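Report on the structure given below.
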Amino acid sequence: MFQKENLVRVREIKQNPILEEKPYILYWMSMARRLVWNHSLDYSIHLSQKYKKELLIYEPLKMNYPWSSPRLHKF
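Taken in order, the sequence shown gives residues 1 to 75; the numbers are from UniProt numbering.
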């Protein structure tokens, strides 16, 4: 669950406004494939609830790195 004290972990990369006409909040997951102790996922959930939008989680997968396997890509 997102808590206000975790805002110190949030860093804006771009100053673009949230587009009200878009139907979702996009969470681009590149690491930390876990549902607990994942502050970026918590913040994304917070934003989706705040703006009453669906949360879309996207994770690009590469299959050509060392030790790549379906087990590592399961979320």
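Cβ atoms here follow ideal geometry from the backbone N, Cα and C, with glycine treated the same way. Model, not experiment: these values are computed from the prediction.
Of the candidates 11, 19 and 14, the residue whose Cα lies closest to the Cα of residue 52 is 19.
Burial check for residue 68: the Cβ neighbour count within 10 Å stays below 16, so the residue is exposed. Residue 72 sits in a helix when the DSSP states are folded into three classes. In the DSSP assignment, residue 25 falls within the beta strand (DSSP E) that extends over 24–28. In the DSSP assignment, residue 55 is bridged to 25.
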